[in-house]
Amino acid sequence: MRIHLGTDHAGLEFNKTLATHLTEAGHEVVDHGPTEYDALDDYPSFCINAAHAVVQDQRAGVESLGVVFGGSGNGEQIAANKVEGIRAALVWNESTAVLARQHNDANVISIGARQHTEDEAIRFVDLFIAEPFSGEERHARRIAQLAEYETTGHIAGEQIDE
Numbered sequence: 008m009r010i011h012l013g014t015d016h017a018g019l020e021f022n023k024t025l026a027t028h029l030t031e032a033g034h035e036v037v038d039h040g041p042t043e044y045d046a047l048d049d050y051p052s053f054c055i056n057a058a059h060a061v062v063q064d065q066r067a068g069v070e071s072l073g074v075v076f077g078g079s080g081n082g083e084q085i086a087a088n089k090v091e092g093i094r095a096a097l098v099w100n101e102s103t104a105v106l107a108r109q110h111n112d113a114n115v116i117s118i119g120a121r122q123h124t125e126d127e128a129i130r131f132v133d134l135f136i137a138e139p140f141s142g143e144e145r146h147a148r149r150i151a152q153l154a155e156y157e158t159t160g161h162i163a164g165e166q167i168d169e
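Residue numbers (this note's numbering): 8 to 169.
Structural data, given as structure tokens:
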């Protein structure tokens with residue numbers, strides 16, 4: 008599987024460790040940066056580039072997922088979710104890693120590099136990659152509603168009054 012990585016300075020060292028781990032596990036790793044430490048770097052471009060590459064791959068039939076991380080993982084998740092077709096989930100334990108794929112068919116996860124040990128974060132990533140989407144109708148229906156809103160601005164069910 009191809010795994011796209013994006014981070015900022017807070018996750019730079021973990022990025023290197025994770026890339027090595029994933030490569031040794033047989034995955035193709037694409038690192039979207041940064042390549043060197045800069046305490047003032049901005050995570051949005053790195054995370055958006057990683058997310059965009061996941062969507063491009065998936066639309067081309069290439070099996071791929073993404074992992075973005077920073078200090079808390081919050082901003083990185085928000086950045087990734089700005090890309091049409093991305094369902095990025097903030098993961099903070101094993102259960103959220105599994106459920107992100109199983110129930111939400113997440114194609115990107117975000118992890119707070121300052122919130123977890125490297126071993127914990129690697130475990131979350133491994134669980135995320137290994138878990139398939141359940142395909143259950145209720146989950147597929149909800150994902151379709153999100154995609155509908157993302158592309159049309161309309162959603163089945165309750166409408167927002169403007």
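Think of the CB as a built atom: it goes at the ideal place given N, C-alpha and C, for glycine as much as any other residue.
Item checked: Cβ separation of Gly80 and Gly119, assumed to be a contact under 8 Å, to the nearest whole Å -> Within the sequence shown, numbered from 1, the residue matching residue 80 stands at position 73. Within the sequence shown, numbered from 1, the residue matching residue 119 stands at position 112. Confirmed, about 4 Å.
Note to self: Taking the alpha-carbon of Gln152 as reference, which of Gln122, His16, Leu47 and Arg94 has the nearest alpha-carbon?
What the structure shows: As a position in the sequence shown, residue 152 is number 145, starting the count at 1. Answer by Cα proximity: Arg94.
Checklist line | Euclidean distance between Cα positions of Cys54 and His110 | finding: Within the sequence shown, residue 54 is the residue found at index 47, counting from 1. Within the sequence shown, residue 110 is the residue found at index 103, counting from 1. Going by the C-alpha atoms only, they are around 23 Å apart.
Check: Can you round the beta-carbon distance between Leu12 and Ala57 to whole angstroms, since I take them to be within the 8 Å contact cut?
Finding: The sequence position of residue 12 within the sequence shown is 5, counting from 1. The sequence position of residue 57 within the sequence shown is 50, counting from 1. For a cut-off of 8 Å, the C-beta gap from Leu12 to Ala57 is around 6 Å, short enough to register as a contact.
Check: Can you tell me where the beta strand (DSSP E) with Asp64 in it begins and where it stops?
Finding: Stepping through the sequence shown from its first residue, residue 64 is reached at position 57. From DSSP, Asp64 is part of no beta strand (DSSP E) but of the alpha helix (DSSP H) over Tyr50 to Arg66.
Next item on the list: Indicate whether Tyr50 and Gly77 have their beta-carbon atoms separated by less than 8 Å.
Entry: Taking the first residue of the sequence shown as position 1, residue 50 is located at position 43. Taking the first residue of the sequence shown as position 1, residue 77 is located at position 70. Yes, the Cβ-Cβ distance between Tyr50 and Gly77 is below 8 Å.
Margin query: Looking at the strands, I want to know which residues DSSP matches up with Asp38.
Written below: Along the sequence shown, one-based indexing puts residue 38 at 31. DSSP lists Leu12 as partners of Asp38.
Notebook entry, point to check: Fully enclosed by the stretch 86 to 164, which beta strand (DSSP E) runs are 3 residues long or longer?
Noted result: Within the stretch 86 to 164, the complete beta strand (DSSP E) segments of 3 residues or longer fall at 95 to 97 and 115 to 119, listed in chain order.
Margin query: Just to confirm the assignment, what range does the alpha helix (DSSP H) spanning Leu47 have?
Written below: Translated into positions along the sequence shown, residue 47 becomes position 40. Per DSSP, Leu47 belongs to no alpha helix (DSSP H) and is neither H nor E.
Next item on the list: Can you tell me the Cβ-Cβ gap for Ile116 and Val69, rounded? I've got them flagged as a contact below 8 Å.
Entry: For the purposes of this step, residue 116 is taken as the residue at position 109 of the sequence shown. For the purposes of this step, residue 69 is taken as the residue at position 62 of the sequence shown. Contact between Ile116 and Val69 does not hold, since the beta-carbon distance rounds to 18 Å and is not under 8 Å.
Check: Which residue's Cα is closest to the Cα of Pro41: Ser52, Ile162 and Gly82?
Finding: Along the sequence shown, read from residue 1 onward, the residue named residue 41 stands at position 34. Nearest of Ser52, Ile162 and Gly82 to Pro41, Cα basis: Ser52.
Notebook entry, point to check: Taking the alpha-carbon positions, what's the Glu157 to Thr27 distance?
Noted result: Within the sequence shown, residue 157 is the residue found at index 150, counting from 1. Within the sequence shown, residue 27 is the residue found at index 20, counting from 1. Each residue's CA atom was taken as its position, placing Glu157 and Thr27 some 35 Å apart.
Checklist line | Range of the contiguous alpha helix (DSSP H) that encloses Glu31 | finding: Start at 1 with the first residue of the sequence shown, and residue 31 comes out as number 24. It spans Leu19 to Glu31 - the alpha helix (DSSP H) in which Glu31 sits, taken as one unbroken run.
Check: If we ignore side chains and look at the alpha-carbon of each, how far apart do Val132 and Ala104 end up?
Finding: Position 125 of the sequence shown, counted from the first residue, corresponds to residue 132. Position 97 of the sequence shown, counted from the first residue, corresponds to residue 104. Between Val132 and Ala104, the C-alpha separation is close to 7 Å.
Next item on the list: Could you spell out the range, first to last residue, of the beta strand (DSSP E) harbouring Gly80?
Entry: On the sequence shown, position 73 is the one that residue 80 refers to. From DSSP, Gly80 is part of no beta strand (DSSP E); its letter is neither H nor E.
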